[in-house]
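Inspection log for the structure reproduced underneath, given as structure tokens.
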Amino acid sequence: MDRPLVLLSNDDGYASAGIQAMRAGLVAAGADVITLAPETEQSASSHSLSLNRAMRLRSVEPGVFALDGTPADCVYVALHAGTRVLPRWPDLVVSGINHGMNLGQDAFYSGTIAAAREGALRGIPAVAVSAHPSLDLTPVASRAADVAMRARAPREGRASLLSMNFPPAWKGVIRAARLGTRFYDEIVDFRKDPRGREYLWVGGPNVRHEPDDGSDTAAYDEGVASITPLLLDLTNGAQLDTVAKLVGPEGHG
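So in the working numbering, spot 210 of the sequence shown is number 440, and the numbers just go up one at a time.
See the structure below:
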């Protein structure tokens, strides 16, 4: 029987320590792995696709490819390039291990999660894995690979999209959790270059969160890894009736 085929990507680049550890973990778990990841770091690139420029794909070594695009580009190209990258349709898409956490609303900005989501949108079970930079990546990759391999069978006819986060001082425990809320420094820093022209940086270095039982941020505080199922359908069903009233019974206001 064929070994499961896993498409592996990330947002830190094909040469990152995290993706190499994840590849080793998946192989040890019994998978064949093809890696297609960005040439360079693409953190916070979210689910962007490079529609207005050419990209270059290159083979780094057998089973490892690099693309000068976003994480979502990488998965898109791998899935739709015939046999240039993948010998067949993959059984699973894994993204990571990301160098840093993706908790709470980070899910909207994360290139790591976007790469996994691109697979899930095509009906492939997908797992995004993030870990605190202080952790030994080998046990993280081993445990994440075990969970990912067990998640590869679609549940209830739909592909799953899971986000895993391993905190500092991880105790070896993983639990299911919902997304929490993180509060970042919200800064626009205007500066001058040596020629007097203005440029700017967005975002600050600090982040915090409040106590929130059952959330991924609460698990982080307890040294427990979290696994969060994410939705592909963003419709807020609870407000459908409310918005219908905004346009009236005939849709004319």
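Backbone N, C-alpha and C define an ideal beta-carbon position, used for all residues, glycine too. These figures come from a predicted structure and were not determined experimentally.
Distance between Val307 and Pro317 (C-alpha atoms, nearest Å):
Here residue 317 refers to the residue found at position 87 of the sequence shown. Here residue 307 refers to the residue found at position 77 of the sequence shown. In a straight line, the C-alpha of Pro317 is about 13 Å away from that of Val307.
Minimum C-alpha distance to Ala407 - residue among Thr313, Ser372, Ser393:
Looking up residue 407 in the sequence shown gives position 177. Out of Thr313, Ser372, Ser393, Ser393 has the C-alpha closest to the C-alpha of Ala407.
Please report the residue range of the beta strand (DSSP E) in which Lys422 lies.
The residue given as residue 422 occupies position 192 in the sequence shown. It spans 418–422 - the beta strand (DSSP E) in which Lys422 sits, taken as one unbroken run.
Taking all protein chains shown into account, decide if Thr465 is buried (16 or more other Cβ within 10 angstroms of its Cβ) or exposed.
Reading the sequence shown from its first residue, position 235 is the one you call residue 465. Under this definition Thr465 is an exposed residue.
Span separating the alpha-carbon of Val454 from that of Ala468
Counting from 1 along the sequence shown, the entry for residue 454 is found at position 224. Counting from 1 along the sequence shown, the entry for residue 468 is found at position 238. Val454 and Ala468: Cα-Cα distance of roughly 32 Å.
Inter-residue Cα distance where the pair is Asn328 and Glu428
Locating residue 328 in the sequence shown gives position 98, counting from the first residue. Locating residue 428 in the sequence shown gives position 198, counting from the first residue. Rounded to whole angstroms, Asn328 to Glu428 spans 33 Å at the Cα level.
Met331 versus Leu462, Pro369, Asp446, Pro479, residue with shortest Cα-Cα distance:
Here residue 331 refers to the residue found at position 101 when the sequence shown is read from its first residue. It is Asp446.
If we count Cβ pairs, one from each stretch, closer than 8 Å, do we get three or more for the segment 344–351 versus the segment 366–377?
The segment 366–377 and the segment 344–351 do not touch, with fewer than three beta-carbon pairs separated by less than 8 Å.
Can Gly326 and Thr300 be called in contact, C-beta distance under 7 Å?
As a first step, residue 326 is located in the sequence shown; it is residue number 96 there, counting from the start. As a first step, residue 300 is located in the sequence shown; it is residue number 70 there, counting from the start. For Gly326 and Thr300, no; Cβs fall outside 7 Å.
I need the straight-line Cα distance from Asp298 to Met379, nearest angstrom please.
Taking the sequence shown and counting its residues from 1, the one referred to as residue 298 is at position 68. Taking the sequence shown and counting its residues from 1, the one referred to as residue 379 is at position 149. Each residue's Cα considered, the two are about 28 Å apart.
Contacting residues, own chain, Cβ-Cβ under 8 Å from Phe338 (five flanking each side not counted):
For the purposes of this step, residue 338 is taken as residue 108 along the sequence shown, with counting starting at 1. A distance below 8 Å between beta-carbons, with the five flanking residues on each side excluded, links Phe338 to the following residues of its chain, in chain order: Ser276.
Beta carbon of Leu238 nearer than 7 Å to that of Val263:
Along the sequence shown, read from residue 1 onward, the residue named residue 238 stands at position 8. Along the sequence shown, read from residue 1 onward, the residue named residue 263 stands at position 33. Contact: yes.
Whose C-beta lies closer than 6 Å to the C-beta of Lys401 among residues of the same chain, with five residues either side of it excluded?
As a working mapping, residue 401 is identified with position 171 in the sequence shown. Contacts found: Gly453.
For a quick check, are the C-beta atoms of Pro355 and Leu322 less than 7 Å apart?
Working through the sequence shown from its first residue, we reach residue 355 at position 125. Working through the sequence shown from its first residue, we reach residue 322 at position 92. The Cβ-Cβ distance between Pro355 and Leu322 falls below 7 Å.
Nearest to Ser360 by alpha carbon, out of Ala381, Val324, Arg352?
Residue 360 sits at position 130 when you count from the first residue of the sequence shown. Closest by alpha carbon: Val324.
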